[in-house]
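Per mature numbering (1 follows the signal peptide of the UniProt record, and there is no 0), the sequence shown runs over residues -19 to -1, 1 to 575.
Beta carbons: idealized from backbone N, C-alpha and C, even for Gly.
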Amino acid sequence: MRAAAPAVILFLVLVTAQAANYRRFVDYMIRGTDVEGFCEQCESVLQLLKNDPQGTLDSALNACKQTQYFTPRICDEEHRMYAGSVVQIIEQLNTSFDQACKFLSNGACGAPDIDAYKWTVHLDSIQDDATFHPQHFRHLEQEWKNTHLSMLHITDTHFDEDYEVGAAADCNEPICCTKYQPQATDPENFAAPWGYPFGKACNVPFRTVENMLQDIDRSRHVSFGIWTGDISPHAYINMTDERARRDIQETTAVIKRYLGQAKIYPAIGNHDAFPGRLFPQPGVNAAEYSVKPLYEEMWNLWYEWLPADQERIFKYGGYYTAKVHDRLRIIALNTNFCYTYNWWLVLGANDPARQLQWMITTLEEARRYRERVFIIGHIPPGSSACNSYWEEAYFKIVTKFQHTITGQFFAHMHTDEVILDYSDPMDKEKPTSVLYVTPAVTTSWSGMPEYRIYQTELGEVVDIETYFLNLTTANAGYFKIRESVHEKVREDFKDMSPFRRRAMEKVLYGVPHWELGYSARKSYGLKKFDAAHWHQLIKAFDTDDNLLQTFYKHYRQFRENVVRLEKPCDEACKKKLIANMTSKRSTRARELQR
Ligand SMILES: *[C@@H]1O[C@H](CO)[C@@H](O)[C@H](O)[C@H]1NC(C)=O
Ligand SMILES: *[C@@H]1O[C@H](CO)[C@@H](O)[C@H](O)[C@H]1NC(C)=O
Ligand SMILES: *[C@@H]1O[C@H](CO)[C@@H](O)[C@H](O)[C@H]1NC(C)=O
Ligand SMILES: *[C@@H]1O[C@H](CO)[C@@H](O)[C@H](O)[C@H]1NC(C)=O
Ligand SMILES: [Zn+2]
Ligand SMILES: [Zn+2]
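Spelled out as structure tokens, the structure:
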């Protein structure tokens, strides 16, 4: 999440035209405020870029440094990472600037209305699940080899190889707690060995990811797993293509080491490419920014988990389908094709990589064979990060196949929540489906590192267990001895071999244990995990404050603040929380602005 960066570079350009407005653009791109500022200037920015891409971006870089919104090196790094792609994109841009700006704002500057941006999937000739005999969707125990399957969900690990114990957690850069920041002077600001839990821009060290996998291996029963992306940190300083690949290789290797016996089904996140967030769709001229080599490498790392016949489609669009059981199928989407910060889509967003059309065909096939389907992906449709037309098409498909699809599992938000869709044209109060947003392993803007196990029966969710690492407890031992050892450790570690270093770390940092945070069945008293029951639960927030506060604590991944008193969810927070989970955020934004 926190999608600021690639956007910023373009809007930095504006400084050349109107310095005073610079902050307004950045404010919009970062915090979603001041949309007027963005809409007023967007077309002239595109014009400047079109006339002189390189020159405009170079003056943007200078302007970035002058305004001091970020540190100068962040300006340099953004320019290094994004300027080349922006030039490629602007050279090929062939829609009007007016339409392009509407698209780039995801409808906030008005709804785009040309085929390149506004399109529909062909669904009319497809039979609706509702018109089938209910018997078609009734699954009997004897049809399933194992009726009970425990599905592990790991997501948004974002481990940071530059994480450094003792670095400052509060910094004016997009990522803190790394060797690039100064040492923390006060203890509250101190990047601790297992991670920093107080909701700052800090990712986790590799040891936390490894410790989690050891815990799963040792303590949980897993039938299979899903792993929904964002493997690299949101790094700016010294991030390279090579490093992004290395992050994927290392995380894959450690997952195989500890979960070797289970199959893991991955989906691609927005931070899995370099530069992050940019995934050119097939058919555009992406030159050296093509993600095809990335898909090829991923396939080579993951092919043991995936069906051989999916190789072609995966290497083409980064998506695939796999049967995980004789009656259960996974459809893994590449949601970078709905991501609002994937700028390549401005060259044409009409069902990129024909993914949604493929999804329809795959669902029809699954329905014919009476399979149940789990959809997995990174960016949740219904969140503000997903393009509104893509999202609209997605939910139409889900509604059409609402008895075939028995689970939707997404990520990216670094929160623990659900998104309800209300697509039934006859009854706007009746939710048609529920989508799970699984909490993150990283602590970046979240709270404690978490993973999940979805307990399923005949392909339907029957409980959700969320496990977490209490960082306060995990780091406590180190904090006790920190005063006496910290400086010395820093000095000694510098020259140690990796092997000795790990041994030393074990002694100093201890080995923490993960705990069950909560079971949704017990904690919320949910009897069934369908859209109607989640709808009831959210409705009950109005009368049951305890329930609301419990939900909110989970939503924030048990985040603590430095004085251990995280604010409860007040009236304004409640409204927002409910709105976030029940109104398709991007569609809503478009309608409000119309
Ligand atoms: C980035 O990496 C290079 C080469 O490894 C190094 O010289 C440079 O100091 C690094 N940048 C920063 C800001 O540390
Ligand atoms: C605009 O560019 C896209 C992608 O490069 C291409 O598919 C499309 O045909 C172009 N449209 C026109 C009208 O040139
Ligand atoms: C984490 O540990 C601290 C200290 O041991 C404790 O006060 C806190 O309640 C724990 N948090 C959770 C969510 O259990
Ligand atoms: C609602 O969503 C917005 C946008 O993602 C986020 O900034 C905000 O913190 C969320 N608020 C609550 C209470 O869920
Ligand atoms: Zn993430
Ligand atoms: Zn993400």
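Burial state of residue i, where buried means 16 or more other Cβ atoms lie within 10 Å
i	result
T221	exposed
M407	exposed
V442	buried
L309	buried
G498	buried
Y3	Any reading at Y3 must be qualified, since the residue scores a pLDDT of 46, below 50, and its modelled position is unreliable; no value is offered.
T166	exposed
V466	exposed
P247	buried
N527	exposed
T387	buried
residue 610	Beyond the ends of the chain as shown, which are -19 and 575, falls residue 610; an answer cannot be given.
L121	exposed
A560	exposed
P256	buried
S213	buried
Three-state class that DSSP yields for residue i in the structure shown
i	result
M132	strand
T453	helix
C45	helix
C56	helix
Q530	helix
H306	strand
G458	helix
E496	strand
D332	coil
C158	coil
R12	Model confidence at R12 stands at a pLDDT of 49, short of 50, so the residue's coordinates are unreliable and nothing is read from them.
A289	helix
E431	strand
D94	coil
D110	helix
S564	coil
P479	helix
F179	coil
K557	helix
7 Å Cβ shell around residue i - same chain, five flanking residues per side excluded
i	result
A81	L27, L74, V327
K381	L104, I107, D109, D110
residue 576	This structure leaves residue 576 out entirely; the chain is present only between -19 and 575.
K160	D143, E145, A148
E124	R308
M562	E398, V399, I400, L401, I519
CB-CB length for residue i against residue j, believed under 8 Å
i	j	result
D402	F376	5 Å
I434	L130	That pair is no contact at about 10 Å.
F19	S66	F19 to S66, Cβ: 20 Å. No contact.
G428	Q530	Between Q530 and G428 the Cβ distance is about 15 Å, and since that is not below 8 Å, they are no contact.
G299	Y276	5 Å
G250	G210	2 Å
K296	W280	6 Å
A347	T316	Wrong, their Cβ atoms sit about 20 Å apart, outside the cutoff.
I400	F355	16 Å between Cβ atoms; not a contact.
W325	F260	7 Å
Residue i to residue j span [Cα, whole Å]
i	j	result
A268	Y63	14 Å
R12	K126	Because R12 carries a pLDDT of 49, less than 50, the predicted location of this residue cannot be relied on, and the following value inherits that uncertainty. Near 49 Å, if we compare the C-alpha coordinates of K126 and R12.
P362	E372	5 Å
T419	E24	37 Å
P174	T396	22 Å
S369	G88	8 Å
P288	D525	47 Å
K555	G91	28 Å
E541	F522	22 Å
T343	R349	10 Å
R482	Q262	43 Å
S77	A334	23 Å
E446	A172	28 Å
E292	T437	28 Å
Y322	I135	23 Å
Beta-carbon proximity list for residue i, same chain, < 8 Å, skipping 5 on both sides
i	result
A1	Its pLDDT being 42, under 50, A1 is placed unreliably by the model, and the measurement read from it follows with that caveat. Around A1: no qualifying Cβ.
T233	L282, W283
M477	M485
Sequence-distant residues of its chain with Cβ nearer than 6 Å to residue i (five each side left out)
i	result
Y217	I55, E58, P155
P186	Y144
K520	none
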